[in-house]
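Residue numbers (the numbering used here): 1 to 284.
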């Protein structure tokens, strides 16, 4: 039993010794080929730096708008304005040609919908931040003008509906007043079989007029609420020319190039060392 314990102890110490030898060999290989590793590392850094400074910088002009909330005409062929519809319109070639003219490159234009809102975030990637600011302003202005017509039309329809309701309400109030006056006259004149029949008819008319007035008041309130709730397009954040580019990310590019260069250098060092120790001989 004691002998087996000693044997296992000797095995563990041997394993540790072999691990130390392997680690030392690895470090010796790295030290032996340190110049090669350093050369590959520096070349990678140089390539990353040259690429980062040679590539044209890309600036991102940003804007944020609210498309508002309003309904289209009942018989209109145009779709209801939703964030998805607004996004399609902004990205459409028709609006871009109308705002920028034919041939303008709009590949860098992107529109994102803020979740659960009517807000759109519009970005334009460009090499010229001042020009990007001008282009994005033009696009938003043309979109506002086009959809502003629909907003004004929607507002006009609600106003017209509200005006008709108020006119009908005035007529009903007038009828109620006249009916009550007739009832007062009949009550003062005394009841007869004829006047009693007339009074029943007037009471029935008064009930119908009162019910009609309640419906008109509800309709008026609904129209007023619609009028107060509708909103046109609003620019929440105007486009501004940024001072710093979003691409290329010079520090990140150089760092990544350095790490990759170091990894490649270590791999090449071990590969070269292996074939130096184990030369490959071609046999005829």
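Every residue, glycine too, gets a C-beta built ideally from N, C-alpha and C.
A residue is called buried once 16 or more other Cβ atoms fall within 10 Å of its Cβ, and residue 103, having fewer, is exposed. Residue 260 and residue 94 have their C-alpha atoms spaced approximately 45 angstroms apart.
By the Cβ criterion, the stretch 233 to 240 is not in contact with the stretch 153 to 172, since fewer than three pairs of Cβ atoms, one from each stretch, lie closer than 8 angstroms. Residue 59 places its beta carbon less than 8 angstroms from that of residue 126. Residue pairing by DSSP places residue 234 opposite 66 in a beta bridge. Here the stretch 262 to 270 makes contact with the stretch 33 to 45; the two share three or more CB pairs at distances below 8 angstroms. Where residue 271 is concerned, the enclosing alpha helix (DSSP H) starts and stops at 250 to 277.
Residue state for residue 117 is assigned as coil, using DSSP reduced to three classes. The criterion of a C-beta distance shorter than 8 angstroms is not satisfied by residue 217 and residue 168. Put simply, of 63, 91, 149, 41 the residue whose alpha carbon is nearest the alpha carbon of residue 255 is 41. The bridge partners DSSP lists for residue 122 are 63, 111.
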